[in-house]
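As structure tokens, the structure follows; a few thoughts come after it.
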Amino acid sequence: MSAQGCQSAPVLRERGQREVFCGLTSIVWLHRKMQDAFFLVVGSRTCAHLLQSAAGVMIFAEPRFGTAILEETDLAGLADAQDELDREVARLLSRRTDIRQLFLVGSCPSEVIKLDLEKAAERLNAQHGPRTRVINFSGSGIETTFTQGEDACLAAMVPALAATEKRQLLVAGALPDAVQDQMLALLSGMGIEDVALLPAARAEDAPAIGPGTVVALAQPFLGDTLAALERRGARHLPAPFPFGEQGTTAWLAAIAAEFGVDDAVFERVTAAPRARARRAVAQAAAPLADRSVFFFPDSQLEIPLARFLTVECGMQAVEIGTPFLHRQVMGPDLAAIAPGPTLSEGQDVDRQLDRARAARPDLSVCGLGLANPLEAEGLTTKWAIELVFTPVHFYEQAGDLAGLFARPLRRRDALRLEGAT
Ligand code: SF4
Numbered sequence: 001m002s003a004q005g006c007q008s009a010p011v012l013r014e015r016g017q018r019e020v021f022c023g024l025t026s027i028v029w030l031h032r033k034m035q036d037a038f039f040l041v042v043g044s045r046t047c048a049h050l051l052q053s054a055a056g057v058m059i060f061a062e063p064r065f066g067t068a069i070l071e072e073t074d075l076a077g078l079a080d081a082q083d084e085l086d087r088e089v090a091r092l093l094s095r096r097t098d099i100r101q102l103f104l105v106g107s108c109p110s111e112v113i114k115l116d117l118e119k120a121a122e123r124l125n126a127q128h129g130p131r132t133r134v135i136n137f138s139g140s141g142i143e144t145t146f147t148q149g150e151d152a153c154l155a156a157m158v159p160a161l162a163a164t165e166k167r168q169l170l171v172a173g174a175l176p177d178a179v180q181d182q183m184l185a186l187l188s189g190m191g192i193e194d195v196a197l198l199p200a201a202r203a204e205d206a207p208a209i210g211p212g213t214v215v216a217l218a219q220p221f222l223g224d225t226l227a228a229l230e231r232r233g234a235r236h237l238p239a240p241f242p243f244g245e246q247g248t249t250a251w252l253a254a255i256a257a258e259f260g261v262d263d264a265v266f267e268r269v270t271a272a273p274r275a276r277a278r279r280a281v282a283q284a285a286a287p288l289a290d291r292s293v294f295f296f297p298d299s300q301l302e303i304p305l306a307r308f309l310t311v312e313c314g315m316q317a318v319e320i321g322t323p324f325l326h327r328q329v330m331g332p333d334l335a336a337i338a339p340g341p342t343l344s345e346g347q348d349v350d351r352q353l354d355r356a357r358a359a360r361p362d363l364s365v366c367g368l369g370l371a372n373p374l375e376a377e378g379l380t381t382k383w384a385i386e387l388v389f390t391p392v393h394f395y396e397q398a399g400d401l402a403g404l405f406a407r408p409l410r411r412r413d414a415l416r417l418e419g420a421t
């Protein structure tokens, strides 16, 4: 492998038709993470249906998201739409006194009719702050992909965060609680306590930011959030993402080096979980060895996952497609991937399908819309969206992560065997 890996490999840039979910999808995991937040989508009935079907049963529980429906008549009267929004928010906040953060989430319809949600958030903040902070971001599917919803949400929170000069580690990116606890235990074992988290579980625990803040990204799709944090004086700590044993170790090692953790302490804290993760990956990844993988652009996790699958699981990447290639964020993972695969950014779906058909990869990682047609053509697929809804970060999940990719190949192998007997 060259020292640079794929870091300076040419990138095929495509700007054609795309097949991805919109940013509203991220509300499904963000509302679980921020316990005193409410997400009010300003959109159409289509947006409401998406949220209800994506979030499933949650809508019948005590929901923390809803939709202010834009009717056709709103297209003619924007002033009425703003009044209606004010009324809707007042009704909601009088009924739900537990809400401390209210996100006004823009959608395709609100963007098309140019409903100014920034102004609305300012106006509503004056009415309902400081008890409830009102923040706006866009989850629209126009020119975006579903993980950008989280990026837009977190980036919108940054300007309102308090200032601090304190030297501290900030981990950005929503993680499932159990996974976050594992991460905090590893950091605490290395003597790094008091870790700031974005997003925090409650508004009162929101981190303060300043020039002493060092940012480790837990999710690779947070380019705008990182830029917003840098504007507040924070500094990015480049590292591979914590997927698999090696990715997790490299991520922790970057933090350990930054905070002067002793080598012996690092070794003592990581040795046992590393060994467990290595064993788990070796076991789960057996069906992946020497198989080829093709990534369609979808979750923005593609580059770190390609590193995991090629370096730790023995797969060969044919094409690594990603919606956006952010070199500052992806650099360390790209450097670890051996040259060879096509790197592509954006999508022209028909051309990319032609490349996949020509390559006949053993596994195609793609969105739901492409999975069925590809399966019908005899190609084995993995839904990228599952990777965002399943705990996959850090040591204890490394085996499960390999298993997620191995399962469709196992199933395909079993079907072939059945067909042969
Ligand atoms: S935001 Fe756009 S893409 Fe998403 S559900 Fe609403 S209309 Fe559809």
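Numbering (full-length UniProt numbering), first residue to last: 1 to 421.
Glycine included, each C-beta is placed from N, C-alpha and C at the ideal position.
Reduced DSSP secondary structure (H/G/I, E/B, other) of residue i
i	result
THR342	strand
CYS153	helix
ARG87	helix
THR213	strand
residue 422	Residue 422 is absent from the structure shown; the chain starts at 1 and stops at 421.
GLN168	strand
THR25	helix
PHE60	Summary for PHE60: the model assigns pLDDT 46, below 50, so the residue's position carries little reliability, and this model does not support an answer.
ALA162	coil
PHE146	coil
PHE259	coil
GLN347	strand
PHE394	coil
GLN352	helix
ARG411	helix
GLN4	coil
ARG100	coil
ARG15	strand
Limits of the alpha helix (DSSP H) - the one that residue i falls within
i	result
LYS119	117 to 128
VAL179	177 to 189
SER110	108 to 112
ALA9	Here ALA9 belongs to no alpha helix (DSSP H), and DSSP marks it neither H nor E.
VAL20	First-last for VAL20: undefined, no H or E at that position.
GLN174	For the record, residue 174 in the displayed sequence is Ala; it is not Gln. Premise fails: ALA174 is in no alpha helix (DSSP H) and is neither H nor E.
Where the beta strand (DSSP E) containing residue i begins and where it ends
i	result
LYS382	381 to 383
ALA37	37 to 43
VAL134	133 to 138
ALA68	65 to 69
heavy atom of the ligand FAD below 7 Å from residue i C-beta
i	result
GLY139	Among the ligands in the structure shown, the ligand FAD does not appear; only the ligand SF4 can be found there.
Proximal residues to residue i (C-beta, below 7 Å), its chain only, five neighbours per side dropped
i	result
LEU104	LEU40, VAL42, LEU117, ALA120, ALA121, VAL134, ASN136
GLY173	LEU217, ALA218, GLN219, LEU222
HIS31	ALA37, PHE39, ARG64, PHE65
ILE69	SER44, ARG45, ALA48
ASP333	PRO240, PHE241, ILE303, PRO304, ARG307
ARG13	GLU345, GLY346
LEU237	VAL214, VAL215, ALA216, ALA254, ILE255, GLU258
GLU230	HIS236
VAL269	LEU186, GLY189, MET190
LEU24	VAL41, CYS47, LEU50, LEU51, VAL105, SER107, GLY139, GLY149
SER110	VAL42, GLY43, LEU70, LEU117
THR147	SER26, PHE221, SER299, GLN300, VAL388
ALA163	ALA208, ILE209, GLY210
Chain-order list of residues whose beta-carbon lies under 6 Å from that of residue i (same chain, five-residue window excluded)
i	result
GLY233	GLY210, PRO211
ARG15	GLY346
PRO391	PRO176, VAL179, GLN397
VAL365	PHE295, LYS382, ALA384
THR225	ASP151, LEU154, ALA155, ALA172
THR145	VAL20, PRO323
Spatial neighbours of residue i in its chain, beta-carbon cut-off 8 Å, leaving aside the 5 residues before and after
i	result
THR132	LEU93, ILE99, ARG100, GLN101, LEU102
ALA286	ALA406
ASP413	PRO287
C-beta neighbour in chain B for residue i, strict 8 Å
i	result
LEU353	Chain labels in this structure do not include chain B; a single protein chain is all it has.
Kindly provide the ranges of any beta strand (DSSP E) runs that are 3 or more residues long and lie completely inside the stretch 265 to 340, ordered along the chain.
Every beta strand (DSSP E) stretch that sits fully inside the stretch 265 to 340 and reaches 3 residues is listed by chain position as 292 to 295, 316 to 322.
Any beta strand (DSSP E) of 3 or more consecutive residues that is wholly inside the stretch 195 to 255:
Segments of the beta strand (DSSP E) lying fully in the stretch 195 to 255: 196 to 198, 213 to 217.
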